[in-house]
Structure formats: structure tokens, C-alpha cells
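There are 2 protein chains.
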Amino acid sequence: MTLTELATPAVVINAARLDRNIDRMQAAADARRLRLRPHAKTHKSPAIARIQIARGAVGICCAKIGEAEVFAADGIADIRLPYPINPVNAERVLRLLEQTHLSFIVDDLAVAREWSARMNAAGLSVDVLVKVDVGFHRCGIDPDRPDAAEVVARIAELPGLNFRGLLSHAGHAYGATSEDETAAVAAAEARLLARLANEIEQQGVKCEEISVGATPTARFSVQQEGLTEIRPGNYVYYDRTQVGLGAAAWSDCALTVLAMVVSTPAPDRIILDCGSKTLSNDMARGFSETRGHGVVFTDLEATRPDEDLVIERLSEEHANVRVLSGAHRLRTGDLVRVLPNHSCVVSNLVDAVWVEREGGTVEPLPVAARGRIA
Amino acid sequence: MTLTELATPAVVINAARLDRNIDRMQAAADARRLRLRPHAKTHKSPAIARIQIARGAVGICCAKIGEAEVFAADGIADIRLPYPINPVNAERVLRLLEQTHLSFIVDDLAVAREWSARMNAAGLSVDVLVKVDVGFHRCGIDPDRPDAAEVVARIAELPGLNFRGLLSHAGHAYGATSEDETAAVAAAEARLLARLANEIEQQGVKCEEISVGATPTARFSVQQEGLTEIRPGNYVYYDRTQVGLGAAAWSDCALTVLAMVVSTPAPDRIILDCGSKTLSNDMARGFSETRGHGVVFTDLEATRPDEDLVIERLSEEHANVRVLSGAHRLRTGDLVRVLPNHSCVVSNLVDAVWVEREGGTVEPLPVAARGRIA
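Protein chains in written order, with the working numbering: chain V, 137 to 510; chain L, 137 to 510.
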């Protein structure tokens, strides 16, 4: 099948861009002898995870146990869950440990003690890292707590847990307003983790790993000292937000939505068949223009957005496009591409994406771990 | 299985509330001898569609052909697509016509002519309604165009199309700032459609149907003259937005997300395991408070939100909850319920919802038409 034969809307992955994105991030990690462990949340595809690993990734990350179950069943041998997995899920974790090398994070001494008891009862042990809040203020131990190093040392000595080191996610980099600010976030993150690791080592506990992860900071994180691992996820596809944050060019973006003009009710308004059920309602982040629900490419090569078109409103199945000039040349039935604000959530909305190869042929690729919320 | 045994997060449907919502809307339509044709986008479940039809609904609506294919394959005998289906999909439409009584909308004379040619070529005809823009400014013919009635009359005379009448969606009612404003939208919609129908009849074309649809306006639409059909969808589950718009009470909301506290990093912050992958990033609408990504019920009966808790930020897998008082009693592992801002998009994120019966037992219900974007 070819691109223009697809029923629309359709989520399309440009194979050449995907390939190049995987290679570039691996090369950036290799150049600094950092381990690359991509977060699989963006593609949710064991097939793409195997490509990443074949190029040099040490394993993958998943957020939820349900995702790890899909990748482990497919033979992915090393899976990290940078998520505060609750001990109520101990049975599923024990089953996963039979299938794959699993590790996860803890950010709470009481929870860590419960995991220790569960693992001891099973006669097993599991690799854990302690999550550190480096400024995003989501999960993680506050490194400025006077007892931060002591809490980590307490966790590290618990039987049944193999303490591996520290892990962070600088999600606040998505709010950066300049390249310099992103660089500063990455530098501060590395400094903060190094300081805490040093304090922990003074308590006699060694941090074998210091792991950071986010696509916008990745290019700066590889320049820092003391890190052992990076965990970007979005870089396989990129999206409008990553372009806005300077992490990618339009021509790097591998995921687009092929959409059709289904109504042209006014000179300054066209309706596309891709609504929030395809694009999600996630808004863009970036240093400059973030209006609208993605950007529209009227050329199907997807190299430069049509700046006359702003997706100003989404319903579930419609995109309301405002034509800034008040006059457009599009007709009902015309095809366009939309680059979403956030690609990770778009692949989660479909059972399969369409991989597009040179010459325009397309083939389906299942999003095998889609919708695994628990 | 019982509710508290579910892996979290989980999308839960309260069977008693669902049942009551279906009955009440049917009774409201029946009282005015209006046909009720629910939009199935909210539940995407043939099982629930069959309940609606058993109680008196004349059929259902779907947005996309892919959804209609699921419901038709399940034996739903009357399906309307209030969506500007493009003639490029004629083959799929012809196959659907063999399985079910299908109707759809047109809002463009050129597109209608193309459909007419396609149907003629197949030796068939299809029921169509003309979509009218009653103020939402999405699809639809502008009724204030001087030639509006003439365009509809031209469409009505095309061979291969059985013109049934007019159809509208007052989506702008979601932006109403008071009950009176919602009532005014419903009244204006009915007046506008009646005026246009009258103008069309002066051209010798009869409108057998005048169909309106939206949950916030439904209670006012049933009081209008001249309508033949209402098409609300969201009322089966309702959600925070419908409560905000006065269309439902908290205790009417049938869909909630069972979630777990997975981290308690600060006295004023707790983290739940339901992120945008479960709740979506859709924001709330309503007359008053619309902050946050849904509301939290700390009592599992889900009768009154805990106003101390605001879901101020979602990541894909985390909800950052701000504790306004700066002190909470929740502990890691505790269960809460979240009422989403928008229930339709939540059911689209999971392969199955859990139907909860009295006594707390739960059983899975497939969201069979989930993810059918095309």
C-alpha cells in the first residue's frame, strides 16, 4: 500500500527519519561512553526497541508494569521502570523477574522497606535506584532535605534490594524559555546528583549508576561529568515541542498524522478529520510560537509548516483550522500532514502506526504496549 | 473480582448510575415524542448501545466509518454518521449499507454531487441530512448565507441521495457561562433550524427530520418546538464538565478512574498513578471552578469531591496533586477515585472499562470501537 491510499487520519512514521534519530542519539551517548537506555513510552513497540538495542542501547525503560510485561514477553532482556512501583504489585514484579532483568525506583523509605520484605519473603532481590527530585517536583527525594543522603543509605542497606544508584528526570526542562536555560537545567541536574552521590559515599554506600533522562536535555547531559546513563524517549519520533525546544529540526520529526480536508465551510476556516482522538489535546512547549494543536504541512514531504494555517480548536474527530490570510487553496478531499505537539501520546491512541519507506510504501507496525495504563 | 482488587489505574463504570442515566434521557425524549439517537462516541460499546435501543433509542450515531463498522458488525440496525464523510470512502459506505440502515450528513454541494454520482453508479441510494452551523462554527452550512435554502434544495434533488432534513450540533453550549445561556443556545438552535426548514419547504422540499444533539443542551432542546430527534452522547457517563454545566450532579457521574497514591513527596503534594494516558489532557468547562485535570474523591462512593485536592499537572503516567491545606492524610498505596474532565476521551484510552455492580464486584466491558480514528 502507498501513503495516499491510507484511510485518514493515519499515524505515519518516516522510517528514514526514525533510523537517523536512533543512530544520532546512540552516537552522542557512545562518544561520551554513556549508556543509552531509551524510554519506550514514545513508540511502545518491541520491534523499535530491538532496533535501539541492536544499535547499542543497554535496554529500555517503561513506566508501568503492564508495558514491561509486553516488552519482556517479546524478549527484551533489560527493562527499567523509572516509576514508583507500589509493593501491592509484587506478584507481577516477581513474574517479570523470571523473564527479564528488571529494575525500578523507590523514593520513600517506608515503601522500600515493604519491597525489601516482599523480596526477602520470595528469596529474591531486585535492582533499585533512588529517584531524586532535581527540580520538576513530581516524584523523588528532595536532595535538599538535611537527611537526604541518610535516607538513601538506609534504603541501600535493605536486604532484598540491590541499590544501584541515583536516577532523575528533569521534566522542568520542558518549561525552558531558551537554549541556555535548558543547558543550565542539565548542568544543575548533574551537579546536584554528583553532590548527593558524594554525600552518600561518605556514608559508605557507592552509587554505581547515575541516570538522567529527558529528550530536551539529552544534548547537554552528554557534556556533563559523573553521569553513567541517559534515558531519552521522545527522540525516536520528536514532535513540535522538541522543535520548539531546539532539540530537533522539522525534518527530524518522524511521526506525522496524515489527514484529509473534510469541510471548507468558510474562506478562513477548513476542517480536517484529525481531532483530539488522534492528536490529543496536549499543548506545545517551546521558546517561541506554541499556539495551536500541532502544525500543518500542506506539502506531503513535511519539511516546512504552512504558517498560514493554525489548528485553533480540536473536537474529538475534527480539527478547526484558521486560515490567517483569510483565503486558502485547499479543497475537500485534499491530504495534509499534521505534526503533533506531543508524539508519545499520539502513538498511544492507535493500535498500529504506518511505517513509510522511500517511495511512499507503507506497512503497519503494531503499537503493542499501547494503553497499558496499569 | 472486586473494585479494590483492580490493578490501578482502572476506568470504572458504575452500573446503577449508567442505567439511571439511560432511563432518564429516554424518558425526557419520550415525554415530548422526540426520537432519541444517542451518540455512541462516549461508550464505544455495542453492549451499551443495545441497552439504549432496548429502552427506546431509534439507533445510534458514530463519528467515523471505522466505528460504524464495529457497531454494524455487532448487529446495530440503524447508524447515523453526523460527520462530513468524504466520497473517497464510498466503498466502505456501500459495504455498510448492506449491513445496516446508514445515514450521514453533507454540508457542501460539490461533495453531495460526488456522493450522488457514486450512489447512482452503484444503483443505490443513501439517507442524508444537511448539517447546519448553528453557531459552533465547525462544519455545516451557514444558515445566514442568502442561498442557504437553495443549496439545501439543490442537494435534496440529487439522485441517489434521500434527503431527510436538517441536523446540527450546538457545541458552543460547552462555552456557556450560565444555565440561562445554555437554554438560550438551545432555543436559538431550534428557531434557526425551523426558519431554514420553512425556507426550504417554500422551495418545495420537505424536511422530515430536524435533529439536534449535545448533552448540555438536551434538557432544553426537549422543550423546543419543531424538532424530531435529539442525539446526546455524553449523558451515559457524564463527567466533571457536565456537572460544571449543570447537566448532571456528582452522583450521576458513572465513569471514574480508580487510582492509587504512589508517592507522597511533600506535605502539599501527592502523586497518583493516573496521568494523561488515562485522564487525557482535556480541560473542564463549566460555569464556575474549572481548574485541574478532574476532581478527586477520597471517599470511594464518589459522592462529593475532596476540595482540598487539585490535580494541577499531569504527566503521561503521573497526576501531581496539590494539597491546598498543605497537609493531607493520604498514604502511599491508598486508593482514590478521579472524575475526569471529559469522559468520552477516557473510555477511548483503554481496551476495556470495568463495570461495577452493587456490592463492589467488577467485570470487564470491551470498548470495542476504541481507537477507530478513520
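Note that the Cβ used here is the ideal one computed from N, Cα and C, for glycine as well. Only a predicted model underlies this, so the values are computations on that prediction, with no experimental measurement involved.
Check: Per DSSP, cross-strand counterpart(s) of M396(L); Outcome: L471(L)
Check: Contacts around K267(L), its chain only, beta-carbon distance under 6 Å, and the 5 residues preceding and following it disregarded; Outcome: I241, D243, C275, G276, L303
Check: Chain-ordered chain L contacts of D418(V) [CB-CB under 8 Å]; Outcome: S412, N417
Check: Nearest residue (CA-CA) to I184(V), options V489(V), R508(V), R171(V); Outcome: V489(V)
Check: Interface flag, S239(V) vs chain L, CB-CB below 9 Å; Outcome: no
Check: From T434(V), A248(V), E452(V), residue whose alpha carbon lies closest to that of V262(V); Outcome: A248(V)
Check: 9 Å Cβ cutoff, T318(V) in contact with chain L; Outcome: no
Check: Interface flag, E452(V) vs chain L, CB-CB below 9 Å; Outcome: yes
Check: 9 Å Cβ cutoff met for P476(V) and G430(V); Outcome: yes
Check: Contact set for T313(L): own chain, Cβ-Cβ below 7 Å, skip 5 residues either direction; Outcome: F423
Check: Stretch-stretch touch, CB-based, cutoff 8 Å, three pairs: the stretch 399-412 of chain L with the stretch 449-464 of chain L; Outcome: yes
Check: DSSP-derived helix/strand/coil call for V268(V); Outcome: strand
Check: G311(L) classed as buried or exposed, judged by whether at least 16 other C-beta atoms fall within 10 angstroms; Outcome: exposed
Check: 9 Å Cβ cutoff, C197(L) in contact with chain V; Outcome: no
Check: Proximal residues, the stretch 241-257 of chain L versus chain V, C-beta separation under 8 Å; Outcome: D243, D244, A246, V247
Check: Within chain L, partners of A510(V) - CB distance below 7 Å; Outcome: A143, T144, P145, A146
Check: Minimum Cβ-Cβ distance from H273(L) to chain V less than 9 Å; Outcome: yes
Check: Nonlocal neighbours in the same chain, by C-beta distance under 7 Å from R421(V), ignoring five residues either side; Outcome: Y310, G311, T377, G380, L381
Check: Nearest neighbour of V224(V), chosen from Y371(L), E443(L), I201(L), D470(L) [CA to CA]; Outcome: D470(L)
Check: Spatial neighbours of C410(L) in its chain, beta-carbon cut-off 7 Å, leaving aside the 5 residues before and after; Outcome: P145, V393, A395, A455, V474
Check: Chain-ordered neighbours of N484(L) on chain V, where CB pairs are closer than 7 Å; Outcome: K413
Check: Residue-level contact to chain V via CB, C389(L), 9 Å cutoff; Outcome: no
Check: Reduced DSSP category for G369(V) - H, G, I as helix; E, B as strand; rest coil; Outcome: coil
Check: Given N484(L) as reference, the closest of V491(L), V341(L), V498(L), G507(L) once Cα atoms are compared; Outcome: G507(L)
Check: Residues that P502(L) bridges to, as DSSP identifies them; Outcome: A488(L)
Check: Short-range partners of chain V found in the stretch 368-399 of chain L, where Cβ spacing is below 7 Å; Outcome: M396, V398, S399
Check: Extent of the continuous beta strand (DSSP E) to which A309(V) belongs; Outcome: Segment: none, A309(V) is in no beta strand (DSSP E) and carries neither H nor E.
Check: Contact between the stretch 430-443 of chain V and the stretch 328-339 of chain V (3+ Cβ pairs under 8 Å); Outcome: no
Check: Cβ-based neighbour list, R427(V), same chain, cut-off 7 Å, excluding 5 preceding and 5 following; Outcome: V446
Check: Contact between the stretch 138-157 of chain L and the stretch 208-220 of chain V (3+ Cβ pairs under 8 Å); Outcome: no
Check: Simplified DSSP assignment, three categories, for V206(V); Outcome: helix
Check: DSSP three-state assignment for D444(V), whether helix, strand or coil; Outcome: coil
Check: Ranges of the beta strand (DSSP E) found wholly within the stretch 252-302 of chain V, counting only runs of at least 3; Outcome: 262-267
Check: When A292(L), I201(L), A463(L), L332(L) are compared against E443(L), the one with the closest alpha-carbon; Outcome: A463(L)
Check: Interface positions of the stretch 454-484 of chain V facing chain L (Cβ-Cβ less than 8 Å), listed along the chain; Outcome: H454, N456, T468, G469, C480, V481, N484
Check: Beta carbon proximity, G211(L) to chain V, threshold 9 Å; Outcome: no
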